[in-house]
Structures are given as structure tokens and as C-alpha cells.
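Please read the structure below before turning to the comments.
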Amino acid sequence: MSKNIHTEIDDRGYYGRFGGAFIPEMLHPNVEELRTKYLGMIAEPDFKKEFDALLKDYVGRPSPLYFAKRMSEHYGTNIYLKREDLNHTGAHKINNTIGQILVAQRLGKKRIIAETGAGQHGVATATVCALVGLECIVYMGEIDIARQAPNVARMRMLGAEVRPALSGSKTLKDATNEAIRDWINNPEDTHYIIGSVVGPHPYPDMVARFQSVISEEMKWQLQEHTGRDYPDAIVACVGGGSNAAGAFYHYLNDQRVRLVAVEAAGMGVDTGESAATSVLGTEGIIHGSRTLLMQTEDGQVIEPYSISAGLDYPGIGPLHAFLIDSKRAEAIAVTDEDALAAALFTARTEGIIPALETAHAFAALDQMKYGKDDVVVVCLSGRGDKDLAAFTTYLDGL
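If you read the sequence shown in the working numbering, its first letter stands for residue 37, the second for the next number, and so on.
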């Protein structure tokens, strides 16, 4: 592993050779306005005060860092869970939408659009739109609408319009395509709240900064629990990768910390039914940035597959592409079956039902090696209420 990896984004929005802004001309004014204003905006004392207050009093932060005693005994190491599932709305997604709704207000936008896969980002976006009184339209693949029905109901309850994406695989990639089309058609009054560390610069950096509160809290929480402010390993699931970006953020340049990005192998990496981008992907452009994505030799996107709607994406964020390509982070691929088994194990060992996305991170623990004195943090990115139908089907088949 190199000791001098430069993990910060450059002025053009690149992590190494990954990133940038590849956008239609119609969106250039929007993206340029955001790029030139976001850093100054989020550094303003008034912004920071409002953002921090909402995270504390509305979201319920800090989220606990919980020592998983029985799980630790099982694996013979010290496992801590960063409990993002306890946030308002049930996942890490609210951290980013709080930040972006404050940005949208300061830009004078009146209409918010978003994409969602598992529905947690859609719920978080609908929540903050209701909070400030802005119109909200969420694009969601038709298949995801069916398999994440509880979150669709939450979005509608909060006043959002959920629009189905009917093209392609009818999942997260296609919802993102529809959201971008909407933004092209409504550039002046609309802000697109992207839910992960994907898209054109400055989105990957902006979302990572809003999610960095996860590792910011981890530092002082680990100090309280263990007497040092860093773990030996951080494990987080990666679709686009916003929870992982937040969990890794303050340790990107700390070589003492092993960064483990867990992807969805689906039915198996070699089955043609997978979303393991770091294994199957090649360098290309998707949704406005250069990254690793699953594509044919002539550049056509290969449809991904995962039982988890939040990991069912053919690419990864450019930061993660860079971390994996440079060997700063390692990628582990987990199958549907192993993720379902890990969710059941977590539920019955710690009394916590994780989201299917997070269950992939728990399953990766079986593929890792560690010492008895090691400290391992798993980012528990979301709760499993939305996945109970999948869990019930799994239990019925046992």
C-alpha cells in the first residue's frame, strides 16, 4: 500500500483520474453555480449553525457507537456498530439531505427532485422538503417501487410525488436517468438532491462532506470507548457509496486504518446477475462523472442485479473508484444469500434488524481476518423495516 496517496479532490473535481463533470450544456449553469458557491456556502457560520442544530435536534445526532458484545465474541475481535439506523428516517441519508436542502434554499430554488433505489434517500428528501415547504418529486424504478413499498408510502405521506422509471432495468440507474432529464427540462427553479457520492462535480465532494459527520463522531466516540481515536478497520457497504464515504472520510489519509468497501455480488460475481463494480467494472462515464462502471466493450451499461435496491447500481462513486484502484481501500463482494444470512445473524445476535444494504457489510466480516485486540467499526447505514418482505421470504424458505 502506498504511503503517499493523495485522497483529496482537485480543483476540477477529480480524485486521481476519476470524477469530473460530464454534463449536457443545458445543465452547465446549474452545476457551475453549485461548484462556485458550495464550499463558501457550507463554510458560512450561519449555515454551519443551522446544519449542526438540525442534525442534533431534528435528526437525533450523534448516532451511537455501539459495542456489539455477542458479535465480537463470535468473531474473536472487537466490533463496534455506528448506528446510522437510529437517525430520523432510519438511515444515513438524512445527513446529506439536510445539508442540500439548506444549499437549495440559499440558491433560491423552489422545486426539489431526487432519485432513490431502496427508498431511504427518497424518504429523507421528502422529509426535508416537508420541513422547509418545498415541492418534492422523487424518481424511483418501477421494480423498486414494488419491492420497497413501505418507503413509497412514507414519501407520499410526506407530500412527495413518486414518479416511476419505466425504462431499462427499472431500478436505481433508470431513476437517476429520469431525474437528470427532469433537471435538464427545469434548470432554473429546480435543485437535484443527489443521494450518493456520484454524479458531476461538485456532488461527490459535497455529499461526502455532509456525510463526514459519521467519521467525525467516530473519532471522539472511539476515544471514549477504546482510548484511541481510530479503528483498525472500517467496513461499509457501497452502491454509490455515501455511507462509506462518510465513514471513511476522516481516515482517508490515516494508513493505520483498513478501509473495506462491500459490494453486492448478487447471484455471484461470475453469474451475469451482479453489481460488483470493482470486480466487473471498467473505466467510463456514467451520470456525469468518470468512474468504474459495468459496461460492454462498446460502452453500453450492463444492467446490475442485487436483491438490495440500494446496491443495485452499475457504478461506484469516483472517490471509491480511486480508493480501490489505488489500493487504499479493498473491495469485498457479498452474495444475496450471504447478505440475507448475515441480516438474520445480526438480528438474532444483537437484536438489530439491519437494512439489506448494511447486511452486506455484516456478511463481509466472514471474509476478513483480524486479531483479538483489533477494533472494527461497521457502518450500520440503515434499519431493515423496508426489507421485511424479503426477510420473510427468506425465513419461510429456511
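For every residue, glycine included, the Cβ atom is placed at its ideal position computed from N, Cα and C.
Every value quoted in this text rests on a predicted model; they were computed, and no experiment measured them.
- Using a Cβ distance threshold of 8 Å, K129 and G231 count as a contacting pair.
- For Y102, same chain residues with a beta-carbon under 6 Å away, outside a window of 5 residues either side, are L117 and R119 in chain order.
- Cβ contact annotation for E86 (same chain, cutoff 8 Å, sequence separation greater than five): L138, in chain order.
- In this chain, Y349 is not harboured by any beta strand (DSSP E), its DSSP state being neither H nor E.
- Excluding its 5 nearest sequence neighbours in each direction, L63 has C-beta neighbours in its own chain below 7 Å: W219, I220 and P223, listed in chain order.
- Between L295 and T313 the beta-carbon gap is near 16 Å, outside 8 Å, which marks them as no contact.
- In this chain, N114 is not harboured by any alpha helix (DSSP H); it is covered by the beta strand (DSSP E) spanning N114 to R119.
- Contact between L355 and E299 is ruled out by a C-beta separation of about 15 Å, above the 8 Å threshold.
- Counting C-beta atoms within 10 angstroms of its own C-beta, T318 has fewer than 16 neighbours from the protein chains shown and is therefore classed as exposed.
- Leaving aside the five residues that flank L75 on each side, none in its chain has a CB nearer than 6 Å to its CB.
- Assignment of F246 by DSSP, reduced to helix, strand and coil, places it in the helix class.
- If the five residues before and after N114 are omitted, its C-beta is found closer than 6 Å to the C-beta atoms of S108 and V411, all from its own chain and listed in chain order.
- In the three-state reduction of the DSSP assignment, T318 falls in the strand class, which pools E and B.
- Judged by DSSP in its simplified three-state form, H227 adopts strand.
- The Cβ atoms of G158 and M176 sit closer than 8 Å to each other.
- Residue ranges of uninterrupted beta strand (DSSP E) with 3 or more members, entirely inside the segment 50-119 and ordered along the chain, are 101-103 and 114-119.
- For Y175, DSSP records a beta bridge to E151 and R199.
- For the pair A311 and A201, the Cα-to-Cα distance works out to about 19 Å.
- Under the DSSP assignment, E299 falls in the beta strand (DSSP E) whose first and last residues are R294 to G304.
- Spanning the alpha carbons of A399 and K209 requires a straight line of approximately 25 Å.
- A distance of 8 Å or more separates the beta carbons of M303 and L316.
- With a cutoff of 8 Å on beta-carbon distance, Q156 and A185 are scored as not near each other.
- Put simply, of F358, E178 and G433 the residue whose alpha carbon is nearest the alpha carbon of E366 is F358.
- Three or more Cβ pairs closer than 8 Å define a contact, and the segment 143-156 falls short of that threshold against the segment 377-384.
- Between G351 and G235, the gap from beta carbon to beta carbon reaches 8 Å or more.
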